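For reference, the structure is listed below as structure tokens.
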Amino acid sequence: MAGIYIHIPFCKQACTYCDFHFSTSQQLRKPLIEALNKEILLRKHEVNEPIKSIYFGGGSPSILDKGEFESIAKTLETSFDLSELEEFTLESNPDDHSLEKLKLWEENGVNRLSIGIQSFIDRDLELMNRAHSSSEALACVQNARNAGFKKLTIDLIFGIPGQSMNEWQDNVEKALALNTEHLSAYALTIEPKTALAHQVAKGLVIEKNDEEVEAEYRFLHEAMDKAGFEHYEISNYAISGSRAVHNASYWSGEPYLGIGPAAHSFDGKKTRRWNVSNNALYIKAIRENQHFSSDEVLTKRERTNEQIMTGLRTIEGIPKTLLSFSEIRLPNHLIDAISQTKERVSIKPENWMMADSIIQEFFKE
Ligand code: SF4
Numbered sequence: 599m600a601g602i603y604i605h606i607p608f609c610k611q612a613c614t615y616c617d618f619h620f621s622t623s624q625q626l627r628k629p630l631i632e633a634l635n636k637e638i639l640l641r642k643h644e645v646n647e648p649i650k651s652i653y654f655g656g657g658s659p660s661i662l663d664k665g666e667f668e669s670i671a672k673t674l675e676t677s678f679d680l681s682e683l684e685e686f687t688l689e690s691n692p693d694d695h696s697l698e699k700l701k702l703w704e705e706n707g708v709n710r711l712s713i714g715i716q717s718f719i720d721r722d723l724e725l726m727n728r729a730h731s732s733s734e735a736l737a738c739v740q741n742a743r744n745a746g747f748k749k750l751t752i753d754l755i756f757g758i759p760g761q762s763m764n765e766w767q768d769n770v771e772k773a774l775a776l777n778t779e780h781l782s783a784y785a786l787t788i789e790p791k792t793a794l795a796h797q798v799a800k801g802l803v804i805e806k807n808d809e810e811v812e813a814e815y816r817f818l819h820e821a822m823d824k825a826g827f828e829h830y831e832i833s834n835y836a837i838s839g840s841r842a843v844h845n846a847s848y849w850s851g852e853p854y855l856g857i858g859p860a861a862h863s864f865d866g867k868k869t870r871r872w873n874v875s876n877n878a879l880y881i882k883a884i885r886e887n888q889h890f891s892s893d894e895v896l897t898k899r900e901r902t903n904e905q906i907m908t909g910l911r912t913i914e915g916i917p918k919t920l921l922s923f924s925e926i927r928l929p930n931h932l933i934d935a936i937s938q939t940k941e942r943v944s945i946k947p948e949n950w951m952m953a954d955s956i957i958q959e960f961f962k963e
């Protein structure tokens with residue numbers, strides 16, 4: 599079964615580390631939503647099977663007002679077979695958790711919120727230019743529960759410059775106290791051309807070193823394990839039965855349709871497609887029935903390497919049949935980081951921070 603991703607490319611303000619496609623100008627909101635609805639209608643024939651998951655990402659989908667959100671939800675409902683929909687996730691920011699908005703999402707079928715908390719410390723939130731405060735970070739989960747949401751996941755960032763190990767431990771404890779079913783945690787990366795990269799280059803912000811970041815990762819891994827969460831993918835933790843359905847389909851190679859500027863699609867076989875990353879060009883192309891995306895047909899080798907790369911970031915690992923060699927030979931410092939059965943190989947979760955070096959060794963020549 600397929601998944602649908604909807605990209606909402608608007609945010610209230612620009613987080614300093616972000617290199618996703620978004621705009622803080624709200625000027626093109628109306629024509630963009632119109633274009634997005636039209637793209638759904640233009641491409642609905644690409645999916646001939648029931649939809650398993652819908653994911654509204656961005657940008658900040660929680661920024662949408664009632665009319666905007668309902669129009670997209672309605673177009674999806676009338677365009678696809680949603681009778682077997684398991685998961686409808688919306689990425690939300692803590693400052694958008696008004697009861698009115700939560701009810702709107704819930705009444706339109708959203709059954710899972712992915713909340714971008716990132717940190718419970720105001721100093722971190724200011725450093726990253728997040729739009730919410732620590733008190734909103736603490737209150738947003740309860741607000742969602744009060745509105746009836748049963749599936750919640752929160753995002754945390756580790757490796758934040760200036761944050762001490764004690765503060766990180768406190769952040770993890772606060773996150774656990776919120777009792778969500780799922781948590782995602784990402785190491786802060788300094789992406790080129792972001793505001794954070796400029797601040798680092800000017801010496802205004804000091805990047806954490808690899809050892810500090812790895813220690814925070816290991817603390818999180820152990821704390822989540824003690825709390826009964828399964829660390830099932832490099833950045834994801836879930837209590838039993840609460841793994842992310844939509845994201846898991848990316849890792850397992852299922853087809854998905856990506857709608858909106860910068861959205862990516864995959865046909866489940868070998869063709870990837872990505873829409874233009876520019877709101878004005880996207881709107882113009884859709885209006886004038888012009889091309890708004892590019893395609894790439896993967897070779898067998900490229901597809902195999904993708905499967906190795908995504909599979910080795912999951913607890914299940916990969917079947918050895920994907921490898922082009924029969925015996926795994928790795929440098930000593932890497933061999934202890936993996937585990938193997940006769941059929942499969944995986945990286946031990948506590949060693950996922952070195953996943954990139956191991957994956958390189960496994961790529962098909
Ligand atoms: S809210 Fe999300 S998409 Fe928007 S700038 Fe911040 S990190 Fe990027």
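Its first residue numbered 599, the sequence shown is counted upward by one per residue in my numbering.
The beta-carbon is built from N, C-alpha and C at its ideal position, and this holds for glycine as well.
Here the structure is a predicted model, which is why all the values come from computation and not from measurement.
Cβ neighbours of C616 in the same chain (closer than 7 angstroms, five flanking residues each side left out): What you label residue 616 is simply residue 18 of the sequence shown in a count that begins at 1. Cβ neighbours of C616 beyond the five flanking positions: T792.
Closer than 7 angstroms: S658 CB and nearest ligand 1 heavy atom: The count along the sequence shown starts at 1 and reaches residue 658 at position 60. Checking every heavy atom of ligand 1 against the Cβ of S658, one is found closer than 7 angstroms.
Cut-off 7 angstroms between Cβ atoms - residues of its own chain near G707, not counting five sequence neighbours on either side: Translated into the one-based positions of the sequence shown, residue 707 becomes position 109. Taken in chain order, the residues that qualify are A671 and F686.
From D823, N876 and A785, residue whose alpha carbon lies closest to that of S833: Here residue 833 is taken as the residue at index 235 of the sequence shown, counted from 1. Nearest C-alpha to S833: A785.
Any non-hydrogen atom of ligand 1 within 7 angstroms of A795 CB: Walking along the sequence shown from the start, residue 795 turns up at place 197. No.
DSSP three-state assignment for T687, whether helix, strand or coil: In the sequence shown, the residue the question calls residue 687 occupies position 89. Residue state, collapsed to three classes: strand.
Terminal residues of the beta strand (DSSP E) in which Q938 lies: Sequence index remark: in the sequence shown, residue 938 carries index 340 (1-based). Unbroken beta strand (DSSP E) run through Q938: I936 to Q938.
Any non-hydrogen atom of ligand 1 closer than 7 angstroms to G909 Cβ: On the sequence shown, residue 909 is found 311 positions in, with the first residue counted as 1. False, no ligand heavy atom lies under 7 angstroms from that Cβ.
Any chain D beta carbon closer than 8 angstroms to S681: The structure shown has no chain D; it contains just one protein chain.
Residue from H695, E789, V943 and K664 with nearest C-alpha to S733: Residue numbering aside, residue 733 sits at position 135 when the sequence shown is read from its first letter. Nearest of H695, E789, V943 and K664 to S733, Cα basis: H695.
Which listed residue (N709, V770, Q611 and E684) has its alpha carbon closest to that of R816: Translated into positions along the sequence shown, residue 816 becomes position 218. The option with the nearest alpha carbon to R816 is V770.
Assigned secondary structure, P629 (DSSP; H/G/I helix, E/B strand, else coil): Looking up residue 629 in the sequence shown gives position 31. Three-state DSSP puts P629 in a helix.
Cα-Cα separation between G714 and G657, rounded to whole angstroms: For the purposes of this step, residue 714 is taken as residue 116 along the sequence shown, with counting starting at 1. For the purposes of this step, residue 657 is taken as residue 59 along the sequence shown, with counting starting at 1. Each residue's Cα considered, the two are about 11 angstroms apart.
H780 and S840 closer than 8 angstroms at C-beta: For the purposes of this step, residue 780 is taken as residue 182 along the sequence shown, with counting starting at 1. For the purposes of this step, residue 840 is taken as residue 242 along the sequence shown, with counting starting at 1. Yes, Cβ-Cβ distance for H780 and S840 is below 8 angstroms.
Status (buried if at least 16 other CB within 10 Å, exposed otherwise) for A883: Against the sequence shown, residue 883 aligns to sequence position 285. A883 comes out buried.
Nearest neighbour of E765, chosen from I788, V739, A737 and D720 [CA to CA]: Stepping through the sequence shown from its first residue, residue 765 is reached at position 167. The shortest Cα separation from E765 among I788, V739, A737 and D720 belongs to D720.
With 16 other Cβ atoms within 10 Å as the buried cut-off, status of G746: Within the sequence shown, numbered from 1, the residue matching residue 746 stands at position 148. It is exposed - the Cβ of G746 has fewer than 16 other Cβ atoms within 10 Å.
Three-state secondary structure assigned by DSSP to K868: In the sequence shown, residue 868 corresponds to position 270, counting from 1. Here K868 sits in coil by DSSP.
Three-state secondary structure assigned by DSSP to Q716: For the purposes of this step, residue 716 is taken as residue 118 along the sequence shown, with counting starting at 1. Residue state, collapsed to three classes: strand.
Residue range of the unbroken beta strand (DSSP E) whose run includes Y854: Within the sequence shown, numbered from 1, the residue matching residue 854 stands at position 256. Per DSSP, Y854 belongs to the beta strand (DSSP E) from Y854 to I857.
Classification of A775 by the beta-carbon crowding that lies within 10 angstroms, buried from 16 upward: For the purposes of this step, residue 775 is taken as residue 177 along the sequence shown, with counting starting at 1. Per the 10 Å Cβ criterion, exposed.
G757 CB to nearest heavy atom of ligand 1 below 7 angstroms: Stepping through the sequence shown from its first residue, residue 757 is reached at position 159. No, since every heavy atom of ligand 1 falls outside the 7 angstroms radius drawn around the Cβ of G757.
The beta strand (DSSP E) enclosing I906, as first and last residue numbers: Position 308 of the sequence shown, counted from the first residue, corresponds to residue 906. Unbroken run through I906 is the alpha helix (DSSP H), K898 to G909; no beta strand (DSSP E).
Cβ pair count under 8 angstroms reaching 3, the region 602-609 against the region 638-658: yes
Given 8 angstroms, three or more beta-carbon pairs between the region 835-850 and the region 642-651: yes
Beta bridge counterpart(s) of N834 as assigned by DSSP: One-based indexing of the sequence shown puts residue 834 at position 236. N834 is bridged to S782 and E831.
For E805, the three-state DSSP class (helix, strand or coil): Counting from 1 along the sequence shown, the entry for residue 805 is found at position 207. Coil.
Helix, strand or coil at R841 [DSSP, three-state]: For the purposes of this step, residue 841 is taken as the residue at position 243 of the sequence shown. In the structure shown, R841 sits in coil (DSSP, three-state: anything other than H, G, I, E or B).
Minimum C-alpha distance to K749 - residue among V739, G757 and F756: Locating residue 749 in the sequence shown gives position 151, where the first residue counts as 1. Comparing Cα positions, the closest option is V739.
Under 8 angstroms between C-beta atoms of L910 and S944: On the sequence shown, residue 910 is found 312 positions in, with the first residue counted as 1. On the sequence shown, residue 944 is found 346 positions in, with the first residue counted as 1. Going by C-beta atoms, L910 is nearer than 8 angstroms to S944.
The region 625-633 / the region 798-818 touching (three or more Cβ pairs under 8 angstroms): no
Rounded C-alpha distance that separates W703 from N727: Here the question's residue 703 lines up with position 105 in the sequence shown. Here the question's residue 727 lines up with position 129 in the sequence shown. Each residue's alpha carbon lies about 26 angstroms from the other.
Straight-line gap, Q761 to D954 (C-alpha atoms, nearest Å): Here residue 761 is taken as the residue at index 163 of the sequence shown, counted from 1. Here residue 954 is taken as the residue at index 356 of the sequence shown, counted from 1. The alpha-carbon atoms of Q761 and D954 are separated by roughly 25 angstroms.
First and last residue of the uninterrupted alpha helix (DSSP H) at D663: Reading the sequence shown from its first residue, position 65 is the one you call residue 663. Taken as a continuous stretch (DSSP letters only), D663 belongs to no alpha helix (DSSP H), as it is neither H nor E.
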